[in-house]
Every structure is written in C-alpha cells, then in structure tokens.
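Heads up, the sequence shown is in this note's numbering, so the first residue is 96 and it goes up one at a time.
The next block holds one structure in the form of structure tokens; read it before the comments.
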Amino acid sequence: MTAGSLLVLAPGADAATGGYVALGDSYSAGVGSTSDYLNDCDQSDAAYPALYDQAEAPGSFGFEACTGATAPDIESSQLSALNSGTTVVSLTDGGDDVGFSSVMEDCVLYSQSTCLSDISSAENEATTTLPATLATLYADIRKDAPQAKVVVMGYPELYDLSQSSGCSGLSTKSRTALNGAADTLDSVIKAAVAKDSGFTFADVRGYFSGHEICDSDSWLNSVTWPIDDSYHPTAEGQADAYLPAFEAAL
96 MTAGSLLVLA PGADAATGGY VALGDSYSAG VGSTSDYLND CDQSDAAYPA
146 LYDQAEAPGS FGFEACTGAT APDIESSQLS ALNSGTTVVS LTDGGDDVGF
196 SSVMEDCVLY SQSTCLSDIS SAENEATTTL PATLATLYAD IRKDAPQAKV
246 VVMGYPELYD LSQSSGCSGL STKSRTALNG AADTLDSVIK AAVAKDSGFT
296 FADVRGYFSG HEICDSDSWL NSVTWPIDDS YHPTAEGQAD AYLPAFEAAL
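The following block contains the structure:
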C-alpha cells in the first residue's frame, strides 16, 4: 500500500460525519484564546478543534490536545482516542519537544544574548533530533487510525518585523531570531510529514500575515498574564487563521 493510498477514507466515510480527534500541544488546546479554560489541559471552546466540531458536527469528537504536550506525552496519553473509525485527525507537535516555550519565556525575562543562545540550541535540537521523534509519532498515529485524513498544523511567525522599530519589547534582533526559529520548526515538520506518512502539512504563517505581534490587529498574544498565554493565538487567531488553514488542508 502506498502512502498516498492511505489518505483514502473507508467506503462511505466522510470527514464531516466520521470521528474527529484533535491531538497536540497548547496551540491545538487553545491556550491564549480564553480566560475560562475547560480543564487542566487548558482546552478552550475557542480553539480551532472545538470550532471545527461546532461547525461540522462530526460523528464523534475527541479533544485530546493538552498544554505542554511533547510527542512522548501524545503517545502515552492521547493516541488511545484513535481507532479504525477515526476519519479526521489534527495535530500540533514539535515546539515543546525542543523547548521553544521555555526559550520564549527566557527571551522575555533575560538578556538578548541569553535569548539568542537559547534559540540556537532549540533550532539545533529541531534539526537533529526532532525528525526521528516526529517519524515515530506519525507512524503510531497511522497505525491507530489507518483510515484517517491527518492534518499536521504548523506554527506561526510571531512578529511583523516591518513594524518592529515602533514596537516596544524585545529587540528586532531577538524578534528576527524567534521568527527564524518558527520557520526552522515548520520546515522540519513539513519535511517529516512528506516522508511517506501520507499526512498533510497545513502552513498557518500566511494566515497570520498582517496580524502578528507589532501589528495593530494582532491575532497573537504578546507577553501576557498568565505568562503561559504569551506567544499563543488569540481567539481570532484560532478562528481566522488556524481553523481556515485546517479546513483548507482537508
């Protein structure tokens, strides 16, 4: 069986009526999109998986994404929601595996040199160890949901660098490096998706264009309280960037 043939749904199955399972980390849980989370995983009714469920009413909905989740966390606590009747799966993963959440916090709290050093270390981790981690995760998702259309969502660039000079906070050098780190992460994920997994990569960066931090109508949180909401999509970012990117990939 070829990778391409794995994308064919079971006879009579339909993405809107079959089972949908949302896997992943805080970007799929909806961190930053509400002040009223549903549970300890910081899941939100404003997250793109919940919005898709509300709009399409799939036959079943497994909202498994959890803040801070790495690939091993997804393997151990989320994949049990998959089965042969699952027809749609969404996933965000990679950022926590290489420590980007800690990197972004360090960039806010410490010096530019610390920020740049942390970014470099995370990018090295992304290019050297993350591909094998993702390959294992993708293979296990395919094994547990053999008929599913699987959409792997990317991560946005955080800053509109064209507006950086008039934007308070981090230096333009740090912002440029953080955007570059997001690009590196997306490139690694896209390459992993393309390696015989039969999955689809959904690039969200273009959807956030004009709505990044430093833009007047940003769909991404800058530094917020609670700190964990920082650098995550707002409700608008979930509804107007992640959701249409997901739907377009389907």
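Note that the Cβ used here is the ideal one computed from N, Cα and C, for glycine as well.
Computed from a predicted model, the values in this text were never measured in an experiment.
Backbone CA spacing between residue i and residue j [nearest angstrom]
i	j	result
Ser171	Tyr205	34 angstroms
Val283	Asp131	33 angstroms
Val245	Val184	5 angstroms
Gly52	Gly157	Shown here, the chain extends from 96 to 345; a query on residue 52 therefore has no answer.
Ala105	Glu342	In this prediction, Ala105 has a pLDDT of 34, which is less than 50 and means its spatial position is unreliable; what the coordinates show is noted afterwards. The alpha-carbon atoms of Ala105 and Glu342 are separated by roughly 20 angstroms.
Cys262	Leu177	44 angstroms
Ala230	Ala286	10 angstroms
Asp109	Ser304	Because the pLDDT of Asp109 is 48, which lies under 50, any placement of that residue in the model is unreliable, and the number read from its coordinates should be weighed accordingly. Spanning the two alpha carbons is a distance of roughly 32 angstroms.
Pro153	Gly114	6 angstroms
Ser259	Cys161	32 angstroms
Ile322	Thr209	19 angstroms
Ile169	Gly189	11 angstroms
Tyr254	Gly127	16 angstroms
Tyr256	Gly180	Reading off the sequence, residue 256 comes out as Leu, not Tyr. The alpha-carbon atoms of Leu256 and Gly180 are separated by roughly 44 angstroms.
Ala145	Ser139	7 angstroms
Gly334	Ala142	For the record, residue 334 in the displayed sequence is Ala; it is not Gly. Straight-line Cα distance between these residues: approximately 7 angstroms.
Member of the options whose CA lies at the smallest distance from the CA of residue i
i	options	result
Ile308	Thr329, Arg300 and Ser317	Ser317
Thr295	Ile214, Val247 and Ala243	Val247
Asp148	Gly275, Arg237 and Ala117	Ala117
Tyr250	Ala234, Pro241, Cys210 and Thr187	Thr187
His306	Ala289, Tyr326, Ser292 and Arg237	Tyr326
Trp314	Ala141, Gln173, Pro328 and Tyr302	Pro328
Ala336	Thr279, Asp291, Asp239 and Glu252	Glu252
Asp135	Trp320, Pro144 and Gly125	Gly125
Glu331	Leu345, Asp235, Tyr302 and Ala344	Tyr302
DSSP-derived helix/strand/coil call for residue i
i	result
Gly348	Given a span of 96 to 345 for the chain in the structure shown, any question on residue 348 remains unanswerable.
Ala176	helix
Leu186	strand
Ala227	helix
Ala344	helix
Ser155	strand
Gly114	strand
Ala249	First, the amino acid is wrong: residue 249 is Gly here, not Ala. Residue state, collapsed to three classes: coil.
Val103	Legend: pLDDT at Val103 = 34, less than 50; position of this residue unreliable, no value from coordinates given.
Thr181	strand
Whole-number beta carbon distance between residue j and residue i, since they are thought to touch under 8 angstroms
i	j	result
Asp137	Ser121	6 angstroms
Ala277	Ala217	Contact doesn't hold; Cβ gap of about 11 angstroms is too wide.
Exercise for the section: At 3 residues or longer, and completely inside the segment 264 to 329: list those beta strand (DSSP E) runs for me, N to C. Expected result: Entirely contained in the segment 264 to 329, the beta strand (DSSP E) runs reaching 3 residues are, in chain order, 295 to 297.
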